[in-house]
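This report refers to the structure that appears directly beneath it.
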Amino acid sequence: MHRLIAGTALAAVAGTLVAASGHGGPQVTADPAPSVTQATSRGPGDTKVNQFVSYNAAGKTVSIALFAAINSAQGGFNFNGGSSGNQTITVPLGWKVHFDVRNDDAIPHSAIIIADQTPVPNGPSTPAIPRAYTDHLSDGLAPQTGNDTMDFTATPAGNYLIACGVPGHAPSGMYIRFVVSATAHVPSNTGTIATGK
Ligand SMILES: [Cu+2]
1 MHRLIAGTAL AAVAGTLVAA SGHGGPQVTA DPAPSVTQAT SRGPGDTKVN QFVSYNAAGK
61 TVSIALFAAI NSAQGGFNFN GGSSGNQTIT VPLGWKVHFD VRNDDAIPHS AIIIADQTPV
121 PNGPSTPAIP RAYTDHLSDG LAPQTGNDTM DFTATPAGNY LIACGVPGHA PSGMYIRFVV
181 SATAHVPSNT GTIATGK
């Protein structure tokens, strides 16, 4: 009940902000300000954090579109514009997580969630959360058309990395941060995020 009340209040605030500023959508920037204030209503019960992340608070589900090499940041070695750990996706502990992973690049890429570690492994192959990795982990999803999904429950709480499993890519900067939080009430996405798709 607490979450429902908070969500309704935030939606009302977001609607007021959109109406006042005159633009029709959320702004995705590198600004680390709480992205939940940019949330706009997406559908019954759904809240959009930004163009990549949306969630259903009542159902405790979050859907994340993850694009490999969405732009030229870090020479293409990025996820949704983030690289070398400069972007963080946070989800509440116990929520159901759905990733739709797409490779926009001319070379193969993949994705896997691993424990936060330094240095990042050359060819990460051990998921820290069961089922949190794509097909073609080492040889990569096909250039430009490759995609796969990852569906898992966000547990245990902790700090993780979303890294490319193709050897050499993660050390080249192809990783962002993923946090399973025991205290967050809703998902968030902060740091360096692509402004368009
Ligand atoms: Cu890669």
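As numbered in our numbering, residues 1 to 197 make up the sequence shown, in order. Beta carbons are placed, not taken as given, at the ideal position from N, Cα and C, and that holds for glycine. None of these values were measured; they are calculated from a predicted model.
Query raised in the report: So, T198 versus P187, is the Cβ gap smaller than 8 Å?
Result: In the structure displayed, the chain extends from 1 to 197; residue 198 sits before or after that span and is not available.
**Report entry** Supposed close pair S83, M150 - CB separation, criterion 8 Å
**Finding:** Counted from its first residue, the sequence shown places residue 83 at position 83. Counted from its first residue, the sequence shown places residue 150 at position 150. In this structure S83 does not touch M150 by the C-beta definition: roughly 19 Å separates them, more than the 8 Å allowed.
Query raised in the report: By Cβ distance, which residues of its chain are closer than 6 Å to F152, with the 5 residues on each side in sequence left out?
Result: Stepping through the sequence shown from its first residue, residue 152 is reached at position 152. Excluding sequence neighbours, F152 sits near V97, I129, R131, A132.
Query raised in the report: Relative to the alpha-carbon of G158, which residue among V101, R177, Q87 has its alpha-carbon at the smallest distance?
Result: Your numbering for residue 158 matches position 158 in the sequence shown. The shortest C-alpha to C-alpha distance from G158 to any of V101, R177, Q87 is the one to R177.
Query raised in the report: Between G7 and the rest of its own chain, which residues show a CB-CB distance below 7 Å, the 5 nearest in sequence each way excluded?
Result: Within the sequence shown, numbered from 1, the residue matching residue 7 stands at position 7. Residue confidence is low: G7 scores 39 on pLDDT, short of 50, so the model does not pin down where it sits. Its coordinate-derived value is still stated next. Result list for G7: T47, A57, in chain order.
Report task. If I'm right that G181 touches L137 with Cβ under 8 Å, what's the distance once you round it to whole angstroms? Result -> Residue numbering aside, residue 181 sits at position 181 when the sequence shown is read from its first letter. Residue numbering aside, residue 137 sits at position 137 when the sequence shown is read from its first letter. Correcting the residue type first, residue 181 is Ser in the shown sequence and not Gly. About 26 Å; that fails the 8 Å criterion.
Query raised in the report: Per DSSP, R102 is paired with what?
Result: Here residue 102 refers to the residue found at position 102 of the sequence shown. F67, N147.
Query raised in the report: Thinking C-beta only, is N103 closer than 8 Å to N71?
Result: Position 71 of the sequence shown, counted from the start, is the residue given in the question as residue 71. Position 103 of the sequence shown, counted from the start, is the residue given in the question as residue 103. In this structure, N103 does not lie closer than 8 Å to N71 by Cβ.
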